[in-house]
Every structure is written in C-alpha cells, then in structure tokens.
Amino acid sequence: MSEDITISLKNVSKCFKRYARPVDRLKEILLPGTSRTSEFWALRDINLEIEKGQTVGLVGRNGSGKSTLLQMIARTLTPTTGEVVVRGRVSALLELGSGFNPEFTGRQNVFFNARLLGLSQQEIEDKFDDIAAFADIGSFIEQPVKTYSSGMYVRLAFAVAVNVEPEILIVDEALAVGDIVFQHRCMRKMRSLMDSGVTTLFVSHDSGAIKTLCNSAIMIDGGRIYASGNPNNVIIKYMKLVTESELGLMNSEDDVEASCSLSDKQSLSNQKSLSNKQREKSIQNQKNQKS
C-alpha cells in the first residue's frame with residue numbers, strides 16, 4: 002500500500018446475525034451447530050482507498066451501510082470478511098453522545114474521551130480551554146452530561162473531536178443537531194483541519210455541504226458502492242435514485258388519487274358515488290324480493 006494512502010479497504014463485507022427471539026441466541030450457544038439466525042449483510046465487497054489529506058463525502062439512503070462503514074474505519078466494528086487498514090489517529094463523531102458517560106460531568110468526559118484518543122493528561126489540560134471555548138456551553142461543562150440537551154451533547158463531542166489533533170476526522174450526520182451558528186463554526190473548523198492535511202470522512206444528507214466541503218464523494222446503496230468521484234456528479238446520481246425510489250412507491254390507491262389532477266379527482270369521486278348508488282339499489286331490490 003502506498004505511503005499516500007491513509008485508509009484502505011479490500012473486499013470488506015459485514016454481516017449481522019438476526020434472531021427471531023432472544024432465546025434463539027442462547028440455544029445457538031448451548032447447542033453448537035444449530036443455527037437459528039438469519040443473516041443481514043450490511044456491506045458487501047467494499048474496495049476503497051483514500052489518500053492523505055483528502056476530504057470524502059458519503060451519501061446514501063438510511064440503512065444503506067454508511068455508518069457501518071465508518072464504524073469499521075474507526076475500529077469500533079470488525080469486518081466479517083476482508084481487510085481494513087487505517088494509518089493515523091482517528092477522531093470520530095459517529096452518533097449523538099457516543100463515548101460519553103451520562104453520569105460524568107462535561108469536564109470529566111472531555112478528559113476521558115481525550116485519553117481514549119491517546120492524549121496525555123498534560124496535553125488534555127493544555128487543550129481544555131480551547132475545547133470548552135469551542136463547545137461554548139458555559140457552566141454546564143461542570144454538570145453531568147445526562148442533563149444536556151442534544152445540541153449541547155454534539156457541541157461538546159465535536160469540540161473534543163476537532164481539538165485533539167486528529168490525522169483522520171470522521172463526522173457522521175451529527176452536525177444536523179446543532180443550531181445554524183454552531184454549524185457554521187464547525188464548517189470553518191473542518192475547513193481549517195482540511196487545509197492542514199487532515200483526512201476527513203463526512204456523512205451528510207445536505208448535498209450543498211457535500212459539494213462545498215468535499216473534493217470527492219462516494220454513494221452507498223444496498224451495502225455496495227453505487228457511485229464515486231466528483232461530488233456534483235455523485236449527488237446527481239443520488240438525487241436521481243431517491244426520486245426514482247419515491248416514484249416507485251406511488252402504487253396504492255391513495256397515492257394514485259393524490260397524484261391526480263382536479264378533473265381526475267372529480268372523476269374518481271363520481272365513480273365512487275355511482276358505485277355507492279348501485280350498491281344501495283341492489284340492496285333495496287333484494288329487500289323487495291323477500292317481501
């Protein structure tokens with residue numbers, strides 16, 4: 002693998018086991034050789050190389066496998082098959098409140114998370130004021146994080162992630178929780194990290210942010226890489242897929258009626274009214290025959 006490659010995935014797949022009932026999991030442990038599971042392949046045959054300093058946007062529908070891919074790069078999941086190679090310190094903001102102990106204060110969680118990322122006690126103390134200033138949650142930094150709002154959670158988590166000198170930064174849709182002022186602050190910080198050569202993986206449903214921040218993009222659908230390359234071209238393919246998917250759902254009677262023009266709706270209404278009258282007339286005839 003070239004020295005310029007920071008992240009490499011070769012033939013990576015991830016399978017999760019699904020059990021119909023909790024007791025089936027126990028039976029499989031106690032009775033080896035008897036499988037009571039169904040397999041769900043979240044990712045299949047992913048081959049990917051990301052160069053140092055590159056900013057890659059990941060797009061795809063919910064459940065397509067984006068978060069699973071990021072978790073394997075962040076080393077919180079292991080692949081079922083294939084090989085994942087990551088070079089450098091990874092700082093990941095994968096989901097709201099991940100890595101936080103709700104009973105600890107904000108300050109305690111900052112030190113706890115930073116130590117997990119490999120910083121020494123002295124390094125954390127030197128950076129704490131910058132982290133607290135970026136989070137901008139005031140005196141709540143001394144309160145248990147279980148008392149935080151979702152916005153305060155993500156403020157503190159992002160502040161830790163970007164201030165521990167990461168070589169690889171992973172952000173998974175978390176910025177959608179913050180207000181517009183904090184989002185702009187995060188974008189400026191991310192641009193600063195990108196300019197300094199930090200490799201960035203950014204997941205967002207905001208196509209504008211993908212086009213603005215990223216120099217390449219990857220679209221995942223059904224656990225496979227559907228498209229990759231120029232962000233604008235990938236976003237066009239993504240929007241086309243989403244549109245086709247939405248149009249494909251319009252098969253029910255209610256959806257068809259909702260898509261009709263005013264004259265069509267009137268026609269449908271008249272047909273329903275006529276059918277009701279015919280039904281009433283048939284019932285009346287049956288009553289007359291019985292009498």
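Be aware that the sequence shown starts at 2, since it is given in my numbering, and climbs by one per residue. Quick reminder that beta carbons are idealized off the backbone N, C-alpha and C, glycines included.
Indicate whether the contact test is met: 3 or more Cβ pairs, each with one atom in the segment 163 to 172 and one in the segment 130 to 137, closer than 8 Å. yes
The segment 18 to 27 in contact with the segment 202 to 217 per 3-pair CB rule at 8 Å: no
Limits of the alpha helix (DSSP H) - the one that Tyr-239 falls within: 232 to 249
Segment contact, 8 Å Cβ cut-off, at least three pairs: the segment 221 to 233 with the segment 72 to 90: no
Could you give the residue range of the beta strand (DSSP E) that holds Ile-47? 38 to 52
Is Pro-23 helix, strand or coil when you go by DSSP? helix
Start-to-end residues for the alpha helix (DSSP H) that takes in Ser-208: 208 to 214
Buried versus exposed, by CB contacts within 10 Å (16 or more), Thr-56: buried
Please report the distance separating the alpha-carbon of Glu-52 from that of Ile-138. 35 Å
Host alpha helix (DSSP H) of Ser-65 (start-end): Here Ser-65 belongs to no alpha helix (DSSP H), and DSSP marks it neither H nor E.
DSSP three-state label for Ser-205, please. coil
Beta bridge counterpart(s) of Thr-200 as assigned by DSSP: Ile-169
Helix, strand or coil: which one does DSSP assign to Ala-75? coil
Closer than 6 Å by C-beta to Val-172: which residues in its own chain qualify, once you throw out the five before and the five after it? Chain order, please. Leu-94 and Phe-203
Tell me the DSSP bridge mates of Pro-145? Thr-106
Hey, is the segment 40 to 51 in contact with the segment 13 to 20, meaning 3+ C-beta pairs nearer than 8 Å? yes
Short check: CB of Ile-211 to CB of Gly-58, under 9 Å? yes
Compare the C-alpha of Gly-107 against each of Gln-122, Ser-140, Glu-84 and Gly-83 and name the closest. Ser-140
Which partner residues of Phe-17 appear in the DSSP bridge assignment? Phe-41
From this set, Gly-152, Asp-196, Ser-208 and Leu-194, which residue's C-alpha is nearest Phe-183's C-alpha? Gly-152
Using the DSSP secondary-structure output, state which residues sit across from Gly-58 in a beta bridge. Phe-203 and Ala-218
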